[in-house]
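Peer 1: Quick one: the structure is below, and I'll ask about it shortly.
2 protein chains.
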Amino acid sequence: MDSRNYILRSLSPAEEALIRPHLTAVPLPQRMTFFHSDEPITQVWFIERGGASLINTLPDGNAIEVGTIGNEGLVGTPILLETDRMPCECDMQIPGDGWQMPAQALKSVLHQSDTLRVKLLRFAQAHFAQMAQSAACNRLHTIEERCARWLLMTRDRVGDDFPLTHEYLALMLGVRRAGVTVTANILQNAGLIRHARGHITITDPVGLEEAACDCYRIIRDEFRRLLPQGDSYPGDVP
Amino acid sequence: MDSRNYILRSLSPAEEALIRPHLTAVPLPQRMTFFHSDEPITQVWFIERGGASLINTLPDGNAIEVGTIGNEGLVGTPILLETDRMPCECDMQIPGDGWQMPAQALKSVLHQSDTLRVKLLRFAQAHFAQMAQSAACNRLHTIEERCARWLLMTRDRVGDDFPLTHEYLALMLGVRRAGVTVTANILQNAGLIRHARGHITITDPVGLEEAACDCYRIIRDEFRRLLPQGDSYPGDVP
DNA sequence: GGCCTTCTGTACGGCAGCGGACAGACCTGT
DNA sequence: ACAGGTCTGTCCGCTGCCGTACAGAAGGCC
Chain Y
5 MDSRNYILRS LSPAEEALIR PHLTAVPLPQ RMTFFHSDEP ITQVWFIERG
55 GASLINTLPD GNAIEVGTIG NEGLVGTPIL LETDRMPCEC DMQIPGDGWQ
105 MPAQALKSVL HQSDTLRVKL LRFAQAHFAQ MAQSAACNRL HTIEERCARW
155 LLMTRDRVGD DFPLTHEYLA LMLGVRRAGV TVTANILQNA GLIRHARGHI
205 TITDPVGLEE AACDCYRIIR DEFRRLLPQG DSYPGDVP
Chain Z
5 MDSRNYILRS LSPAEEALIR PHLTAVPLPQ RMTFFHSDEP ITQVWFIERG
55 GASLINTLPD GNAIEVGTIG NEGLVGTPIL LETDRMPCEC DMQIPGDGWQ
105 MPAQALKSVL HQSDTLRVKL LRFAQAHFAQ MAQSAACNRL HTIEERCARW
155 LLMTRDRVGD DFPLTHEYLA LMLGVRRAGV TVTANILQNA GLIRHARGHI
205 TITDPVGLEE AACDCYRIIR DEFRRLLPQG DSYPGDVP
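Chains Y and Z, in that order, give the protein sequences. Numbered according to our numbering, the first sequence spans residues 5 to 242. Numbered according to our numbering, the second sequence spans residues 5 to 242.
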């Protein structure tokens, strides 16, 4: 299937015949919510463009991103693991588009194609490896390192240039907005990024990788290992 | 099957007939390593007693626990998700015992029983929900809250009383050993625990729950929802 | 008993990031 | 042109935890 999504792109004709009839192309606007915490997930989404965030909001009002999903996978992993909800919310952070599919249809397709199930479960594993890395990273690394990592991971999915406010980035990193402002200026003064009013451009990805913690590389390598055609991940994004 | 392990205990006769021949009872001594980071996992383990930790060790030498597994599940989730390794190490923290099973055998059993696969995948989901909660908790909560949470989660698996040094607990929480010593004394002075030379006793679990962050309850509820017979989890541990 | 190792208590300066606040810059709509 | 919202830059005192270090206490071993 001709797609920017790594899973869809890897489908055999037989797999595609199973899935294609259930897909509906949909825009994925910024701030769209895929599902709320602990509420039933009735649809899943394959992302073509843009970036989604799995966000954990605690009872005390604090919130933080625990995982991100882009054109390498799908939103709705609980469906793969025999349930229909989880205690996190999933939002679109960088706008884009994708394919929507009823959760029930995905469940029945999983029973009909072993090879497809393998691909999806391996994506789930990559997704969870990312989460495991975030759990460590969130505790052990500085704002600057984590900020650089987040920007690089987003770059791999949407390109060098995307809309993003300090406010949202602060939410992602679980820090104060003012902390992001300071950090963004440090990175900008180092010539790694440029930022202005809700927009960020990465000007020196190599330098940014040096500023990031090893977690970036660890996660990227794990995606390469587990994704179909992962040897070409992250792709050069036009 | 007569077992303290939530998954094994829930098996139907047919499921048990599939699995039982592949199980070998094994002791799980303290500090035993189940698997190392990025090395092939050839066996899985159902835990009967004791507690295992999934530990993420970063290239810079820092390490932290990103998940724990006890008698509610199995060690070796990558096998469920169509791979044989992950960038984490898994160790036994609180000694106990369990059942070992070749990974290949598990894979073939997964193909033979839909109902068993469902149980195992739902455990995987619970495990990952725990990880997602840890990712947030590690960033947003104090040592004292996280320490109380860790002790409660361990209590649910092994009882009120277990071997544990400040050094190991510091590794679990990703903090200094000295920080744990101070925190343990705060909890002890509050009458919630007693500790001495490599051993901890929980004396007031209700009070300890008040000292812990909400993450404890959130994770526990998710396990109850997803585990077979989860309405009785955590069990009263003799 | 005496030695050695492991574990625990405590201390001290230092710093990353917090919470809260405010002002200026920039965009949009009317 | 003006008003009102949004976004960014910066400042303040504060605190939780760090890194490091050292000494005493408890247990194991001979």
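Cβ atoms here follow ideal geometry from the backbone N, Cα and C, with glycine treated the same way.
At what residues does the beta strand (DSSP E) containing histidine 199 of chain Z begin and finish?
Peer 2: Note, histidine 199 of chain Z: beta strand (DSSP E), 197-199.
Peer 1: So, at 6 Å on beta carbons, what are the nonlocal neighbours of histidine 145 of chain Y in its own chain, with the 5 sequence-adjacent residues on each side left out?
Peer 2: Cys217
Peer 1: Which of the three DSSP states, helix, strand or coil, is assigned to histidine 26 of chain Z?
Peer 2: helix
Peer 1: Grouping DSSP H, G and I as helix and E and B as strand, with all else coil, what is threonine 37 of chain Z?
Peer 2: Three-state DSSP puts threonine 37 of chain Z in a strand.
Peer 1: Please list the partners that cysteine 92 of chain Z has in chain Y, where partner means a Cβ-to-Cβ separation under 7 Å.
Peer 2: Ala136
Peer 1: Measuring only the C-alpha atoms, how far is leucine 12 of chain Y from cysteine 141 of chain Z?
Peer 2: C-alpha separation (whole angstroms): 34 Å.
Peer 1: Check whether the Cβ of isoleucine 68 of chain Y lies closer than 8 Å to any Cβ atom in chain Z.
Peer 2: Yes - at least one Cβ of chain Z is within 8 Å of the one on isoleucine 68 of chain Y.
Peer 1: Helix, strand or coil for glutamine 134 of chain Y? Go by DSSP, reduced to three states.
Peer 2: Here glutamine 134 of chain Y sits in helix by DSSP.
Peer 1: Taking only three categories from DSSP, how would you classify arginine 53 of chain Y?
Peer 2: strand
Peer 1: With 7 Å as the limit, tell me which residues of the stretch 108-136 of chain Z have their beta carbon closer than that to any beta carbon of chain Y; keep them in chain order.
Peer 2: Val122, Leu125, Arg126, Ala128, Gln129, Phe132, Ala133, Met135, Ala136
Peer 1: What distance in whole Å lies between the Cβ atoms of glycine 74 of chain Z and valine 48 of chain Z, which are believed to be in contact at a cut-off of 8 Å?
Peer 2: Not confirmed; about 15 Å, so no contact.
Peer 1: Quick one: does aspartate 160 of chain Z have its CB under 8 Å from some CB of chain Y?
Peer 2: no
Peer 1: Less than 8 Å between the C-beta atoms of glutamate 226 of chain Z and proline 91 of chain Y, yes or no?
Peer 2: The answer is yes: Cβ separation under 8 Å.
Peer 1: Which residue comes first and which comes last in the beta strand (DSSP E) that contains threonine 176 of chain Z?
Peer 2: Contrary to the premise, residue 176 of chain Z reads as methionine rather than threonine in this sequence. Counting along the chain, methionine 176 of chain Z falls outside any beta strand (DSSP E), though it belongs to the alpha helix (DSSP H) covering 170-177.
Peer 1: Measuring alpha carbon to alpha carbon, tell me which residue in Y/Glu148, Y/Thr158, Y/Gly100, Y/Arg121 is nearest alanine 188 of chain Y.
Peer 2: Y/Glu148
Peer 1: Cβ of glutamine 134 of chain Y versus every heavy atom of the ligand HEM: is any distance shorter than 7 Å?
Peer 2: The ligand HEM is not part of this structure, which contains no ligands at all.
Peer 1: How big is the Cα-Cα spacing for phenylalanine 127 of chain Y and alanine 200 of chain Z?
Peer 2: Taking the straight line from one Cα to the other gives about 45 Å.
Peer 1: Using the C-alpha atoms, what's the distance from leucine 168 of chain Z back to asparagine 60 of chain Z?
Peer 2: 19 Å
Peer 1: With a threshold of 8 Å between beta carbons, is arginine 8 of chain Z in contact with chain Y?
Peer 2: no
Peer 1: Could you tell me which chain Y residues have their CB closer than 8 Å to the CB of proline 82 of chain Z, listed as they occur along the chain?
Peer 2: Gln129
Peer 1: According to DSSP, is valine 241 of chain Z part of a helix, a strand, or is it coil?
Peer 2: Unreliable positioning characterises valine 241 of chain Z in this predicted model, as indicated by a pLDDT of 41, which lies under 50. The coordinate reading is nonetheless provided below. Correct three-state label for valine 241 of chain Z: coil.
Peer 1: Looking at valine 162 of chain Z: is its Cβ nearer than 8 Å to the Cβ of isoleucine 204 of chain Z?
Peer 2: Contact: no.
Peer 1: How should aspartate 160 of chain Y be labelled, buried or exposed, when 16 other C-beta atoms within 10 angstroms of its C-beta is the threshold for buried?
Peer 2: buried
Peer 1: Which full runs of the alpha helix (DSSP H) of 4+ residues lie inside the stretch 72-112 of chain Y, going along the chain?
Peer 2: 81-84
Peer 1: Looking only at C-alpha atoms, which of Z/Asp101, Z/Leu22, Z/His26 sits nearest to arginine 8 of chain Z?
Peer 2: Per the Cα distances, Z/Asp101.
Peer 1: Take histidine 40 of chain Z and list the residues in its own chain whose beta-carbon comes closer than 8 Å to its own, dropping the five residues that flank it on each side.
Peer 2: Glu93
Peer 1: Going by CA-CA distance only, name the one from Z/Leu22, Z/Leu27, Z/Ala56 that's closest to methionine 36 of chain Z.
Peer 2: Z/Ala56
Peer 1: Check the Cβ-Cβ distances between isoleucine 197 of chain Z and every residue of chain Y, and say whether any is below 8 Å.
Peer 2: no
Peer 1: Kindly give me the distance between the Cβ atoms of methionine 135 of chain Y and alanine 139 of chain Z, rounded to whole angstroms, as I take these residues to be in contact under 8 Å.
Peer 2: 6 Å
Peer 1: Could you tell me which residues DSSP pairs with glutamate 274 of chain Z in its beta bridges?
Peer 2: Look at the range of chain Z in this structure, 5 to 242, and you will see that residue 274 of chain Z is not part of it.
Peer 1: Taking proline 232 of chain Z as the query, report the chain Y residues whose CB atoms sit under 8 Å from its CB, ordered along the chain.
Peer 2: The premise fails here: proline 232 of chain Z is roughly 11 Å from chain Y at the closest Cβ pair, so nothing lies under 8 Å.
Peer 1: Mapping DSSP to helix, strand and coil, what is histidine 203 of chain Y?
Peer 2: strand
Peer 1: Look at the alpha carbon of methionine 96 of chain Z and the alpha carbon of leucine 78 of chain Z, and state the distance between them as a whole number of angstroms.
Peer 2: 12 Å
Peer 1: Which chain Z residues sit within Cβ distance under 8 Å of isoleucine 147 of chain Y?
Peer 2: Ordered by position in chain Z, no residue passes the 8 Å Cβ test against isoleucine 147 of chain Y, which lies about 11 Å from the chain.
Peer 1: From leucine 22 of chain Z to leucine 120 of chain Y, what does the alpha carbon distance come to, in whole angstroms?
Peer 2: Approximately 25 Å between the Cα atoms of the pair.
Peer 1: Pick out whichever of Z/Glu52, Z/Glu69, Z/Ile51, Z/Gly65 has its Cα sitting closest to the Cα of leucine 58 of chain Z.
Peer 2: Nearest of Z/Glu52, Z/Glu69, Z/Ile51, Z/Gly65 to leucine 58 of chain Z, Cα basis: Z/Glu69.
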